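See below for the structure under consideration.
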Amino acid sequence: MIKVETLNFSYTDGTQALFDINCEFPSEHIFAVMGDSGSGKTTLLNCIARFLMPQTGKITIDDQDTSGMAEIDLRNKVGVVFQRLHLFPHLNILQNMMLAPTLVQNRPVKELRKEASEMLERLGIPELAESYPSQVSGGQAQRAAIARGLMLKPSYMLLDEPTSALDARTSEEFALWLKELREDTSFIAVTHDLLFARAAARHGMYMEQGKIASQGVIEDVTAAHC
Amino acid sequence: MKPENYVIRLCLLLMFLFMASVSPSGAGENAENGKPLKTALTGKFPPFSFYDNKGELAGFDVDMSREIAKRIGRKSEIIATEWDGILAGLLAGKYDAIVGSMAITPERQQQVNFTAPYYYSGAQLFVHRDNPKRLYSIDDCAKARIAVVLGETYQHFLETNYPEVEVVTLKSGAEIFEMLSQKRIDGFVTDKLVGSWQIQKAGRDFVAVGDLLYKESIAIPVRKDNPELLEAINDALAGIESDGTLKKIHDKYFSLSSGRKTGNSGELSNSIIAEKLLAGFGITLIIAVASIALGFILSIPCGVILTYPKAMASLPYMVVRTIVDFLRGTPVLIQLLFVWMGMGLTPFKAAILTLGINSMAYMSEVIRAGLMSVDPGQALAAQALGLTKLQRFRHVIWPQAFRIAIPPLMNSVVALIKDTALVAVISIPEVIREAQSIISITFEPGKYYMVVAVMFFVVTFPLMKMAGLLEKRIKQKGFAHD
Ligand SMILES: Nc1ncnc2c1ncn2[C@@H]1O[C@H](COP(=O)(O)OP(=O)(O)OP(=O)(O)O)[C@@H](O)[C@H]1O
Ligand SMILES: [Mg+2]
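Note that the protein sequences, when read in sequence, are chains U and V. According to my numbering, the first sequence is numbered sequentially starting from 1. According to my numbering, the second sequence is numbered sequentially starting from 227.
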C-alpha cells in the first residue's frame, strides 16, 4: 500500500500544486487517479516517484518512508511510465526492455532475452522486438514502455495517461490487457479517460485544484464528475 | 559492439601513445661535450642551405655547421626551421647557434652575440630583364613595388632608407620569382650571391642593377649566456679560414666549375619529390590523428561541464568556459608559438598539444550542443528504471548525444586537418614544409602547392561527404528533440 499524508507541494516559481493531500493507494490491481487538466495529478505521481520533493508531508510504500529509501530500492519497487514514454531511440524495443535489468539487477542476458520475448509475445507485438521506437505506432510504443517498466518486476507502477495515444475502443481493450499483465504489480494510472478508468479500475479518486475532491469505488467517483 | 566503443578505445590507445612519447627520453645528455652542437638554418636558402637530390640537407652553411662542430669536438645536429622564428628559437634554447647566413645588425646584437663574420655579401636590387619601369638603381624605385622575404634585413633597410619604395614582403624567394615573372612586382632586393645563383638556377630573365645597397657581414649568433661557445666557434672559424677550408667550401657551391648538372644542388627527381611529399603528408596525418584523439577525449568531460545549469555559480563551468573561449578567441598560430617556445616543448609535441587542445575547445562546444539536444525526459526515464548517474550518461544520454554530434565533429576534424598546415612554422617536416623546400629548388610553386592541396582534399572530401550522409540518417532516426 502507498500512503500519502498531509502532502504540500509548490514549484520553485511559487505555484502550489498540491494542498494537504491525504490518500491511500491499496495494493489492488488498478487504481485510477482522475481530474481536470492542471489539477496536480502528474505532480502527485512525481512526488511519489521522488522526482519532486514535497515541502511537507510523508509518503510511505509498504510502510517504508520513501524519503529514506535507497535510490535502487525505490526504483525496484516503483516503476514509472511517463506520459511521453521516453523510450530510448537508439535502442530497439528488446534492448529498451533489457537495459535496466542488465545494468541494475545484473541478470543474465540470455534469461532476460527469453523473458522479454515472452512479454512481447503476450503484448501481441513479437514482431517489434527488433524495431526502433521511431518505427512503431503510438499504441505499440505505449505497450513497449509499460513492458520496459515491468521487466524490473516492480510492486507498483505509476502510469501517466497510459491511454493518451489510444482511441476509445482500444483503450478498453488496453484496460483488459493491463489487468492480465502481471498479477504481482499494482498499477496507479493517471487518466482523463473515464471509460478506461471504469473498465480497468475498481477504486479511484478525483482531483480538483490540487485537492482530492472524492475517492472511493470507481463508479461513484466517475458518476460524481461526469 | 557499438561504434562509439571502437572510437573511445582507439582514442585511449592513441592517448597512451602520445603520453609515452611525451615522457622524458633517454639519459646521457649530461656532459656538455657529449651533447651535439645544435645549429639552425632554414634549409630554404640555396646554395647556403637546401635539400639535395637525395632529400638531405646540403649547402655552404650546412658544410660550415659540420666543420665547426668537428673542430669544437662535438657531433653536429642541424635543425631546419623557419626564418621567421629562428632567433626566437635560439633564445628559447631550441639550438645552440644559427649557422644560417644571418647578417649582423644592431637590433640582433641586442639579443644575441655574433661571432666574427664568416663571409661578406650585400644587398642587391634585381629587376626583370624587360624592365618596363626603367629601374637602374634603387634611387629609381620611388613608388615601385620591390619585394623582400619577410623578416630579412632588407625589409628594415628599405623601409628606413628608401621610404618612397613600396616594400612587398613575401614568404620565400620562390614566391618572389613567381611574382616578378608575372610582373606583379617590379623587382626585389636580396643577397647578391644568393640572388644571382638562384636566378641562374631557375633560368629566369632577371638582372642585377645598380651598386650594392650596402655590405653585410654574415656571422653566427649565439645566446649571450653562452660566451664559451662564442669563443669556441670563433676559434674554429679562424682555423677554417686560415687553412683554406673556407675557400674550399665556398668553391664547392659558388665556383663556376661546379656546373649546374653536377647535382650539388641539383634537380630533384620525381620519385624523390613524391617520396618527400608523401612522407610529409604522413607526418601531417599523424599529427592530425593524435591531435584529434587528444582533443576528442578532453572534449567529453569539458562538454559535460559546459552543460551544467546555473552557470554562474559553478566553478568548473567557469574554468572550462574561460579556457574554451580563450582558445577559440585567439589565433592558433600564437598558441602554437606559445607552446613551442613559451613552454619549451619539442615541435612535434607542441604541435599535437596545441592542435589537440584547440580542437578540444571546438569539440567541447559540439558535444555540449549534442548533450543539450537530448530530451531531458531520457535521463528521467533512465532514472525511473534505476540506472545510476553514470549508467544514465554512458548508456542513454551519451549514445544519443554522440550520434547527434558526429556530423559537426566531422567538421571539426576537417578543420583540424587543415590547421596542421600551420605547424610548418615550427619546423616540423610535414607536407607543406616539404613542398616549400622542394619549391626552393624547383621554383614551381604553382605545381607543388596544387599537389599538396589535392592531397588534403583527398582526405577531407570523404569526411565531409560522410558528415552529410550521417546528418541525414540521424534526422530520420528521430534522435534529439527540437
Ligand atoms: N514545472 C512546473 N513549474 C511550475 N508550475 C508547474 C510545473 N509543472 C506543473 N505546474 C503547475 O502545477 C499545477 C499542476 O500541474 P500538473 O502537471 O500536476 O497537472 P495535471 O493534473 O497532471 O494536468 P494534466 O492533466 O494537464 O497533465 C498546474 O497549475 C501547473 O500549471
Ligand atoms: Mg499531467
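Beta carbons: idealized from backbone N, C-alpha and C, even for Gly. Note that this is a predicted model, so its numbers are computed, not measured.
State the Cα-Cα distance for the pair N8(U) and N106(U), rounded to the nearest angstrom. Spanning the two alpha carbons is a distance of roughly 37 Å.
Please go through the same chain and pick out, in chain order, the residues whose beta-carbon is closer than 6 Å to the beta-carbon of K3(U), but skip the five residues on each side of it. If we look at K3(U) and ignore the five residues flanking it on each side, its Cβ neighbours are E24, T60.
Does DSSP classify E255(V) as helix, strand or coil? Bear in mind that the predicted position of E255(V) carries a pLDDT of just 36, short of 50, making it unreliable; the figure below should be weighed with that in mind. E255(V) carries a coil assignment under DSSP once its states are collapsed to helix, strand and coil.
Establish whether the CB of H86(U) and some CB of chain V are separated by less than 7 Å. Yes, H86(U) counts as interfacial toward chain V.
The alpha helix (DSSP H) that contains S638(V), what's its start and end? 624-645 is the span of the alpha helix (DSSP H), which, as asked, contains S638(V).
Is the beta carbon of P162(U) less than 7 Å from the beta carbon of A189(U)? Yes, the Cβ-Cβ distance between P162(U) and A189(U) is below 7 Å.
Run the CB neighbour count on N76(U), radius 10 Å, all protein chains shown included, and call it buried at 16 or more, exposed below. With 16 or more Cβ atoms within 10 Å of its Cβ, N76(U) is classed as buried.
Whose Cβ in chain B lies nearer than 8 Å to the Cβ of G694(V)? In the structure shown, chain B does not exist; the protein chains are U and V.
The beta strand (DSSP E) spanning V190(U) covers which residue range? Here the beta strand (DSSP E) through V190(U) covers 186-190.
By the DSSP assignment, the alpha helix (DSSP H) with P602(V) in it spans what residues? Unbroken alpha helix (DSSP H) run through P602(V): 602-610.
Determine the contact status of L351(V) and G413(V), defining contact as a CB-CB distance below 7 Å. The answer is yes: Cβ separation under 7 Å.
With ligand 1 as the reference, list in chain order each residue whose Cβ lies under 6 Å from any of its heavy atoms. This criterion selects Y11(U), D13(U), T15(U), A17(U), G35(U), S37(U), G38(U), S39(U), G40(U), K41(U), T42(U), T43(U).
With a threshold of 16 other CB atoms inside 10 Å of the CB of S27(U), please say whether the residue is buried or exposed. With fewer than 16 other Cβ atoms within 10 Å, it is exposed.
Nonlocal neighbours in the same chain, by C-beta distance under 8 Å from I509(V), ignoring five residues either side: The beta carbon of I509(V) lies closer than 8 Å to those of I654, P655, E656, V657 in the same chain, with the five residues before and after it left out.
Let me see if you follow: with CB-CB separation under 7 Å, is L194(U) close to chain V or not? At least 7 Å separates the CB of L194(U) from every CB of chain V.
Just the Cα atoms here: how many angstroms apart are I513(V) and P126(U)? Distance between the alpha carbons of I513(V) and P126(U): 50 Å.
Below 8 Å on the Cβ atoms is my guess for R618(V) versus A631(V); work out the distance and round it to an integer in Å. So it is not a contact: roughly 18 Å between Cβ atoms.
Could you tell me the distance, in whole angstroms, from the CA atom of Q64(U) to the CA atom of P101(U)? Taking the straight line from one Cα to the other gives about 23 Å.
Would D365(V) and G326(V) qualify as a contact pair, given that the criterion is a beta-carbon distance under 7 Å? Contact flag unset, no.
Taking only the alpha-carbon atoms, compute the straight-line gap between Q55(U) and R620(V) and give it to the nearest angstrom. As the crow flies, the alpha-carbon of Q55(U) is around 33 Å from that of R620(V).
Whose C-alpha, out of K502(V), G377(V), I304(V), is nearest the C-alpha of M328(V)? When each option's Cα is compared against that of M328(V), the closest is G377(V).
Please confirm whether V622(V) has its beta-carbon closer than 7 Å to some beta-carbon of chain U. Yes - at least one Cβ of chain U is within 7 Å of the one on V622(V).
So with CB distances below 8 Å, who are the chain V contacts of A17(U)? The premise fails here: A17(U) is roughly 18 Å from chain V at the closest Cβ pair, so nothing lies under 8 Å.
If we define contact as Cβ-Cβ less than 7 Å, is L94(U) a contact residue for chain V? No, because no Cβ of chain V sits closer than 7 Å to the Cβ of L94(U).
4-residue-minimum alpha helix (DSSP H) runs that sit fully inside the stretch 288-320 of chain V, ordered along the chain: 312-317, all fully within the stretch 288-320 of chain V.
Can you give me the Cβ contacts of G40(U) inside the same chain, cut-off strictly under 6 Å, excluding the 5 residues immediately before and after it? Within the same chain, G40(U) has close Cβ partners A17, L18, M207, G210.
Between L635(V) and chain U, is there a C-beta pair that is closer than 7 Å? Cβ-Cβ to chain U under 7 Å: no for L635(V).
Could you please tell me which residues of the stretch 48-73 of chain U, in chain order, have their CB closer than 8 Å to any CB of chain V? If the cut-off is 8 Å between Cβ atoms, the stretch 48-73 of chain U has A49, F51, E71, I72 near chain V.
Find the residues of chain U that neighbour R629(V), judging by a C-beta separation of less than 7 Å, and give them in chain order. Those are H90, listed as they occur along chain U.
How many Å lie between P535(V) and M69(U) at the Cα? Take the alpha-carbon of P535(V) and the one of M69(U): they are about 27 Å apart.
Counting only beta-carbon atoms, is A165(U) nearer than 7 Å to chain V? Chain V contact via Cβ: absent.
Return the chain-ordered list of same chain residues with a C-beta closer than 8 Å to the C-beta of P250(V), the five sequence neighbours on each side being excluded. Low per-residue confidence applies at P250(V): pLDDT is 42, beneath 50, and the placement is therefore not dependable, though the value from the model is reported in the following sentence. For P250(V), where only same-chain residues beyond five positions count, there are no Cβ hits under 8 Å.
Under the three-state DSSP convention, the category M328(V) falls into: Correct three-state label for M328(V): strand.
Let's see if you can read the secondary structure: which residues bound the alpha helix (DSSP H) around M586(V)? Bounds of the alpha helix (DSSP H) holding M586(V) are 573-598.
Does the stretch 609-616 of chain V touch the stretch 575-590 of chain V, meaning 3 or more C-beta pairs lie closer than 8 Å? The stretch 575-590 of chain V vs the stretch 609-616 of chain V: no contact.
Excluding the five sequence neighbours on either side, which residues of its own chain have a C-beta within less than 8 Å of the C-beta of P343(V), listed in chain order? Closer than 8 Å at Cβ, skipping near neighbours: I330, S443, I444, A445.
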